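Here the sequence shown stands for residues 735 to 908, where the numbers follow the working numbering.
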Amino acid sequence: MVLDILRLLLFPTLVAFAAASDLVTMTISNRVSLLLAAGFIVLALAGGMGLTQMAWHAAAGIAVLTGAFALFALGWIGGGDAKLAAATALWLGFDHLLNYLLYASLFGGALTVFIISLRVWPLPAALGSQAWLQRLHDKTSGIPYGVALAAAALMVYPNTPWMKAVDLARLSGG
């Protein structure tokens, strides 16, 4: 039962926290990515994932980390975004990676267009006292891409073996 609760909540909670943190502070703590990686290892071992399958998941994470750090080096995304994308890829593996990256691209594009279009207008005075809104509204500031990465992860996660292994009947007491 504890394993099912962890499968159900750990990954979604951590990526949602990363999104909220990025939105409010424009940073994603390294702790979030480390907790995602550690959580993957613990749940993979506890759930009986074989070492070969774990290695393929690790390869997906490394592949995304390599690509994401290239984007970071070009100044297109932040370092926290790169690490979050890699930690998410670790959980999703190659089976769900293409869908994740596609959703992340679509959500990221929509988020970018939305924020840039809002930056054209002055920030309403009633919201001007909020430092995080000032930062988000600043035309020289980046886009909190962790929001798009988390949204993509949450779109894909229900279709993964992690969620398919959850025994909802047992959790609901039925």
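Just so you know, even glycine gets a beta-carbon here, dropped at the ideal spot from N, CA and C. Just so we're clear, the structure is a prediction, and the values are computed from it rather than from any experiment.
- Counting every other CB atom within 10 Å of its CB across the protein chains shown gives ASP872 a total below 16, marking it as exposed.
- Between ALA752 and LEU818, the C-beta spacing is below 7 Å.
- Under the three-state reduction of DSSP, ALA899 is assigned to coil, being neither helix nor strand.
- Every unbroken stretch of the alpha helix (DSSP H) spanning 4 or more residues and falling wholly within the stretch 764–806 is given here in chain order: 764–780.
- Following the DSSP letters along the chain, one finds GLN864 in no alpha helix (DSSP H), marked with neither H nor E.
- Note on geometry: alpha-carbon atoms of ALA884 and MET735 lie some 26 Å from one another.
- Taking a C-beta distance under 7 Å as the contact criterion, LEU737 and ALA771 do not qualify as a contact pair.
- Cβ-Cβ distances below 7 Å link GLY813 to PHE806 in the same chain, with the five nearest sequence neighbours on each side left out; the list follows chain order.
- Cβ-Cβ distances below 6 Å link GLY880 to ALA752, ALA753, ASP756, ILE762, ASP815 and LEU818 in the same chain, with the five nearest sequence neighbours on each side left out; the list follows chain order.
- For VAL758, the uninterrupted alpha helix (DSSP H) run begins and ends at 736–759, by DSSP.
- In this structure, ARG869 keeps its C-beta atom at 7 Å or more from the C-beta atom of SER863.
- No Cβ-Cβ contact shorter than 7 Å links LEU852 with LEU861.
- Sixteen is the threshold: since fewer than 16 other Cβ atoms of the shown chains lie within 10 Å of the Cβ of ALA789, the residue is exposed.
- Under the three-state reduction of DSSP output, ASP829 falls in the helix class.
- For THR747, the closest C-alpha among the options VAL758, THR759 and GLY773 is that of GLY773.
- If you check the CB distance, ALA820 and VAL854 do not come in under 7 Å.
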